Each structure stands twice: as structure tokens, then as C-alpha cells.
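Novice: Numbering (full-length UniProt numbering), first residue to last: 1 to 463.
#1: What residue ranges within the stretch 210-269 form continuous beta strand (DSSP E) runs of no fewer than 3 residues, ordered along the chain?
#2: CB-CB under 7 Å to residue 398, same chain, minus the five flanking residues each way: which ones, in chain order?
#3: For residue 288, which option in 307, 302, 396 and 81 has the closest C-alpha, if you only look at C-alpha atoms?
#4: Looking only at its chain, what residues have a beta carbon closer than 6 Å to the beta carbon of residue 243, apart from the 5 residues adjacent to it on each side?
#5: Do you know how far the Cα of residue 252 is from the Cα of residue 460?
#6: When DSSP labels each residue in this structure, what does residue 400 get in the three-state scheme?
#7: At 3 residues or longer, and completely inside the stretch 102-162: list those beta strand (DSSP E) runs for me, N to C.
#8: Can the beta-carbon of residue 250 be found closer than 7 Å to that of residue 370?
#9: CB-CB under 8 Å to residue 47, same chain, minus the five flanking residues each way: which ones, in chain order?
#10: Between residue 260 and residue 270, what straight-line distance do the alpha-carbon atoms span, to the nearest angstrom?
#11: What residue does the beta strand (DSSP E) around residue 314 start on, and which one ends it?
#12: How would you write the range of the beta strand (DSSP E) that residue 35 sits in, first residue to last?
#13: Between which two residues does the alpha helix (DSSP H) harbouring residue 388 extend?
#14: Got a sec? Which residues, its chain only, sit under 7 Å from residue 64 by beta carbon, not counting five neighbours each side?
#15: How many whole angstroms separate the CB atoms of residue 175 and residue 219, which I take to be in contact at a CB cut-off of 8 Å?
#16: For residue 142, which residues from the same chain have a beta carbon less than 8 Å from its beta carbon, with the 5 sequence-adjacent residues on both sides left out?
#17: Run the CB neighbour count on residue 436, radius 10 Å, all protein chains shown included, and call it buried at 16 or more, exposed below.
#18: Beta-carbon separation of residue 140 and residue 123 under 7 Å?
#19: In chain order, what residues of the same chain lie with their CB nearer than 7 Å to the CB of residue 302, ignoring the 5 residues before and after it?
#20: Which one of 183, 184 and 201 has the shortest CA to CA distance from residue 190?
#21: On a CA-only basis, which of 349, 377 and 324 is nearest residue 361? Give me that one, please.
#22: So which of 316, 95, 363 and 284 has the shortest CA-CA distance to residue 331?
#23: Compute the distance between the beta-carbons of residue 382 and residue 421, then report whether it is under 7 Å.
#24: Going by DSSP, which residues form a beta bridge with residue 345?
#25: Drop a sphere of 10 angstroms on the beta-carbon of residue 407, count the other beta-carbons inside from all chains shown, and report buried for 16 or more, exposed for fewer.
#26: Just tell me which of 66, 70 and 375 has its CA closest to the CA of residue 173.
#27: Taking the straight line between their C-alpha atoms, what separation do you get for residue 10 and residue 240?
#28: So for residue 366, helix, strand or coil by DSSP?
#29: What residues match up with residue 181 in a beta bridge as DSSP calls it?
#30: Which residue comes first and which comes last in the alpha helix (DSSP H) that contains residue 285?
#31: If residue 90 sits next to residue 102, beta carbons under 8 Å apart, how far is it from one beta carbon to the other, in whole angstroms?
#32: Any chance you could list the alpha helix (DSSP H) runs of at least 4 consecutive residues sitting entirely within the stretch 55-87, in chain order?
#33: Secondary structure at residue 457, three-state DSSP: helix, strand or coil?
#34: Could you give the DSSP three-state label for residue 440: helix, strand or coil?
#35: When you compare only the Cα positions, how much space is there between residue 226 and residue 262?
#36: Please confirm whether residue 451 and residue 433 have their CB atoms less than 7 Å apart.
This is the structure:
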């Protein structure tokens, strides 16, 4: 039997008995869609299932079955490869290259395990044309175009059964298969009386795929759409049920793409993979620091090189600042690749502690190369770039800087100083401006001059 008509918010999942223009929970307009629900009567015997508890101190070895992809940048963000029975969610802007990346990933894994690419947005002919353009047209990836989640799961089971029944199968791995679903918002389950992409359909299809992956050991990758705010579209439960969440970032006018790990149950988070978008597809970048600094000019005013940490990888990137006289009542503050609130704090500290006037200036700050910096260690580099611009004197060309700035003007140490200095030494830098760090870095045998700087008032002396 069916419930009376109910109205479900497609943004937060709130349920209402009648339609209204604005959701009371998330305050989104026109987000309520009418849906029918089914009442399922569950007997008490349905819960009479016994489970076995195992102590954490048991001697049974915890082992994760994993297969390396063969693309180093992808292996890095996945924690070392694809895990048996895992479900990964990949999200990014439209046209950023998600389908291209996952088709290359499926082609690389097709040499080791059966792989399938199933699209609800494109036809098989379109996918074949992309595969030929990427140079993977001769791979053994199985293609299909469907939006029926039950038919897709049935087809995957048939593929696994046919591969397992082959007498001379080339696949010798324990992971049964690898499947890409492009995208989860186009999938629909016949159990739900709603159109594809609605909250109930996304929740039902994702749960079916997760249960299928856990019960069979198939590794599944889901493609997810994003909202105008840059977040994964659909219910937040979608990010909770999957094992890994990856964001594919980049700017349309920039050929570089960043694959960032946000969640990973089988490896570290905050890892990034760097790719270069070419006419032949995505190519991994082995040395992103050299790439981001390739067009750097010497003697530039308002520029400073930052040694930042993205996961376990140190990356050198240039930050540029520009401060000009403002003719507006409220001067502008524009930031690209960094936190705008962090910039406002740095400007306030420099004005209060160093007596540098920014209240009458428009301030612009940019991180070159399309990289987004989220760590506080960029404070000192941003401050050097701002002071260099205001004083019209270039920062030292052979030096880098990193450190966190407090509201009192002190500069605090940041983690992984040794790795940052090693990366700077590889690219030929001679000096490092950093806060006092128990002289740990000076014990290392590097041809770098470590200059301790403990307060923002010392910045002016080094410009």
C-alpha cells in the first residue's frame, strides 16, 4: 500500500505533507517535489539475524586487497590503487574532464581485471569516439548506455560470470571487476516512483550500488554532479555511504587539472594528483612544482614563492599580490586560489602591527597555476608579496617562505618543514624564510640558508 502524496526537498531531504514554495530547513526556493512512498510492513522475525563480534585484539590479520592502476597520480589519490568492494565518488565542474579521466582509468585496469564503463548521459558510439581519441580504443573495456540500475547490476553480474567461466582467462586477480557509473544523477530504480536525479532516486541507486559492491567485491566509481556552490549535488548521504570522495578541479582557461582527495577510508586524505589536459587526453604531471614555476620571471614586484603541503606531497607555487589606490567607498578584496577571509586577516595584522595602510587600497591576491591553497602555512608568503607590492621592491628571487601568522603579529611554525626545504633545494632555491623551528632544519645537510623570522615587523627588513 502507498503513502499519501508527500513533498521531499531535493536539497536537504526534508519531507512535508503539502507543497510550499520555500523549505523551512535549508531555505531553498522551489525545491519540493511530489513523491509517492510505499509502506513496507516488517515482521519481527526479519530482525532475528545473528552476528559474530570479533575483538580488535584478535590475531586475525586485517588485509586490504588492492590493485594498482598504473597511473601514478591516480594511485596516489586513491591511496595506492583500487580496493576490492570499494565505492568511489568523483565530482567536478561540467566539462572539466571527469569522463576522460575515468575512461583512461578503466582502460588501464582492463589489462588486470574486467572493466566496464556504463553511461546514462552518452551513447556507446560517443564513448567509443572518445576512447579512440584518447588512444585506448583497442582496450577490452565493456561499454553500455543505460539508466536502469537493476539492468546495470544484472549486466555486471553476467560479465563477471562469463569471465569466471572462461577456460583461459587473462584475469588472475581477486577483484572481480571494475565499473564506472556516469553519472549517479542519471540512474533510476524501478522501485521508486520518481524521476532520475531526485533525492529518493539518488539515495536508492547509491545504496543498491554500495550493497552490490560490498557483497560481490566489485570496485565501483560513481560520477556525481555539483551545485553552483561547487559541492556534490544530491543528498549529503551520498558522500557518507561511499568509501572515497574525489574532487576534480581546474580552470577552463588553464590546462592543468587537480584531483583532490576529500575522503578516503583506505588511505590518506588531502592528497592531490596533478594532470595536464592535452588533445590526446589527460597526462600525469610528475613534478608539479617545476610546472607551476615554469613561467616565473625574476625580479617581479609583489611575488613570492610558497612551499606548501598537499597531503604527503610538497609543492612550490608562486603567490602574487597587487595593491592599488581605491576610488570606492569599500575597497575591493579579490582572491584566486586562497581563502578570502585569510587575506582580510593578514591585511588587518599588517596594518595594525607594521603600520602599512591597506584601508584605502584595492587588494588582489592570486595563486598561479590553478592550485587552491587551504593550509595556514601560506600566510607568511602572502604577507611578503603584499609588503613587496606596497614598498615596490621585489622579494628575493632565490628564496621561498612559509609560516602561519597570528593576530598579535607573531609567526608560528608549520608542519613538514623538512619536506618543504627538500623540494626547494631540488629546484635550486638558496634561502628559506620560516619561523623558528627548534633549528631542526639547520641540522639537515642542505645548501640552503634558513632565515628565522618570528614577527611581521621583520618583513620590512627583508624586502
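Glycine included, C-beta positions come from ideal geometry on N, C-alpha and C. Nothing here was measured: the structure is a model prediction, and the numbers come from that model.
Specialist: According to the structure data:
#1: For the stretch 210-269, whole beta strand (DSSP E) runs of length 3 or above, ordered along the chain, are 219-224, 244-250 and 256-264.
#2: These residues qualify, in order along the chain: 429, 430 and 431.
#3: When 307, 302, 396 and 81 are compared, the shortest CA-CA separation from residue 288 is found for 307.
#4: The answer, listed in chain order, is 86, 87 and 265.
#5: Taking the straight line joining both Cα atoms gives about 37 Å.
#6: Three-state result, residue 400: strand.
#7: As far as the stretch 102-162 is concerned, its whole beta strand (DSSP E) runs of at least 3 residues are 115-119 and 142-145.
#8: One thing to note: residue 250 has its Cβ within 7 Å of the Cβ of residue 370.
#9: With a pLDDT of 46 at residue 47, under the threshold of 50, the modelled position of this residue cannot be trusted, and the question is left open.
#10: Their backbone Cα atoms lie some 6 Å apart in a straight line.
#11: Residues 313-325.
#12: Annotation for residue 35: the continuous beta strand (DSSP E) segment containing it runs 32-35.
#13: Counting along the chain, the alpha helix (DSSP H) containing residue 388 begins and ends at 379-391.
#14: Closer than 7 Å at Cβ, skipping near neighbours: 83 and 266.
#15: Right, their Cβ atoms sit about 6 Å apart.
#16: Once the five neighbours on either side are set aside, the close Cβ partners of residue 142 are 114, 115, 116, 117 and 159.
#17: It is exposed - the Cβ of residue 436 has fewer than 16 other Cβ atoms within 10 Å.
#18: Cβ atoms of residue 140 and residue 123: not closer than 7 Å.
#19: For residue 302, the CB contacts under 7 Å within the same chain, skipping 5 residues up- and downstream, are 320, 321, 322, 385, 388 and 389 in chain order.
#20: Its Cα nearest to that of residue 190, the residue 201 stands out among 183, 184 and 201.
#21: The option with the nearest alpha carbon to residue 361 is 324.
#22: For the residues 316, 95, 363 and 284, the minimum Cα distance to residue 331 belongs to 363.
#23: Contact flag unset, no.
#24: Per DSSP, none; premise fails for residue 345.
#25: Residue 407 counts as exposed, since fewer than 16 other C-beta atoms from the protein chains shown sit within 10 angstroms of its C-beta.
#26: In this structure, 66 is the residue among 66, 70 and 375 with its C-alpha nearest to the C-alpha of residue 173.
#27: Straight-line measurement puts the Cα of residue 240 at about 17 Å from the Cα of residue 10.
#28: Taken through DSSP and simplified to helix, strand or coil, residue 366 comes out as strand.
#29: Answer by DSSP bridge pairing, in chain order: 118 and 222.
#30: Careful: residue 285 lies outside any alpha helix (DSSP H) and carries neither H nor E.
#31: That pair is a contact at about 7 Å.
#32: Fully enclosed alpha helix (DSSP H) runs of no fewer than 4 residues occupy 72-77 of the stretch 55-87, in order along the chain.
#33: Residue 457 sits in a helix when the DSSP states are folded into three classes.
#34: Confidence is the limiting factor: at residue 440 the pLDDT is only 47, short of 50, which leaves the residue's position unreliable and the question unanswerable from this model.
#35: So the two alpha carbons sit approximately 15 Å from each other.
#36: Closer than 7 Å, so yes.
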